[in-house]
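Everything in the sequence shown is counted per my numbering, starting at 6 for the first residue and increasing by one.
Every residue, glycine too, gets a C-beta built ideally from N, C-alpha and C.
Just so we're clear, the structure is a prediction, and the values are computed from it rather than from any experiment.
Data first, discussion second: the structure below is written as structure tokens.
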Amino acid sequence: MNPGPVWLISGVPGAGKTSVARALCARFARALHIPVDDLRDFVVSGRGNPLIPMTAETKLQFRLSWAVAATMAARYADEGFVVVIDDVVPRWGLEVYERALGDRALRKVLLAPALEIALERNSRRKDKPFDPGILVPAIKNLHPSLLSGGAGWLVLDSSRMTIDETVAAVLDGFERTGDSRPSSA
């Protein structure tokens, strides 16, 4: 059995990661969605605060959640599932994913809507057990650093795209090459 690809959908809070990840999964016969925020929510006591500035404990918990997500993704991918991870991944977190996934295909997608669009989308969120307004400083801080993406990322300005249009652009960006590198790389 050929292992399935692992998609890593990143972007600032409010970029549309979860919506795009779910819609992308729906395009495949066997797919698993791993929302890394949910893994972090499993911490019942002593949860590190994900807001800036991060503590050593918060960084540890982020590294743990990335390693768990990647390990879970690898197990499912090895059984032929397409896996879609959605998470805010700073540059220092990507190596955790890459190390845990080994030589499995990792398709990295950065959703990069304009800052004002991400802030507006974040303000309309109803899927969080907290006021999404507390994420505004993190969005403003992360937005410029995530925009560059880096080598091997498919970077999409999804500001004016619907979820379906974004998924189509994601698939088109990778499917033309048949491997883990986006066709624009």
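The stretch 156-173 and the stretch 25-35 touch, with three or more beta-carbon pairs separated by less than 8 Å. Residue environment analysis places residue 49 among the exposed positions, since fewer than 16 neighbouring C-beta atoms fall within 10 angstroms of its C-beta. With a 10 Å radius around the Cβ and a threshold of 16 neighbouring Cβ atoms, residue 107 comes out exposed. Cα atoms of residue 114 and residue 15: separation of roughly 6 Å, rounded to the nearest angstrom. Counting other Cβ atoms within 10 Å of its Cβ, residue 97 stays below 16 and is therefore classed as exposed.
Collapsing the DSSP output to three states places residue 50 in coil. 20 is the residue among 20, 161, 25 and 43 whose C-alpha sits nearest the C-alpha of residue 145.
Annotation for residue 25: the continuous alpha helix (DSSP H) segment containing it runs 22-30. The beta carbon of residue 6 is closer than 6 Å to those of 85 in its chain, skipping five residues each way along the sequence.
Put simply, of 176, 51, 60 and 143 the residue whose alpha carbon is nearest the alpha carbon of residue 93 is 143. For residue 36, the enclosing beta strand (DSSP E) stretches over residues 36-40. For residue 116, the closest C-alpha among the options 167, 62 and 43 is that of 167. Secondary structure of residue 131 (DSSP, three-state): coil. Distance check between residue 180 and each of 122, 130, 159 and 65 places 159 closest, using alpha-carbon atoms only.
For residue 66, the CB contacts under 6 Å within the same chain, skipping 5 residues up- and downstream, are 53 in chain order. For residue 70, no beta strand (DSSP E) run applies; the uninterrupted alpha helix (DSSP H) run containing it begins and ends at 61-83, by DSSP.
Between residue 12 and residue 88, the C-beta spacing is below 8 Å. Remark: C-beta atoms of residue 22 and residue 91 approach each other more closely than 8 Å.
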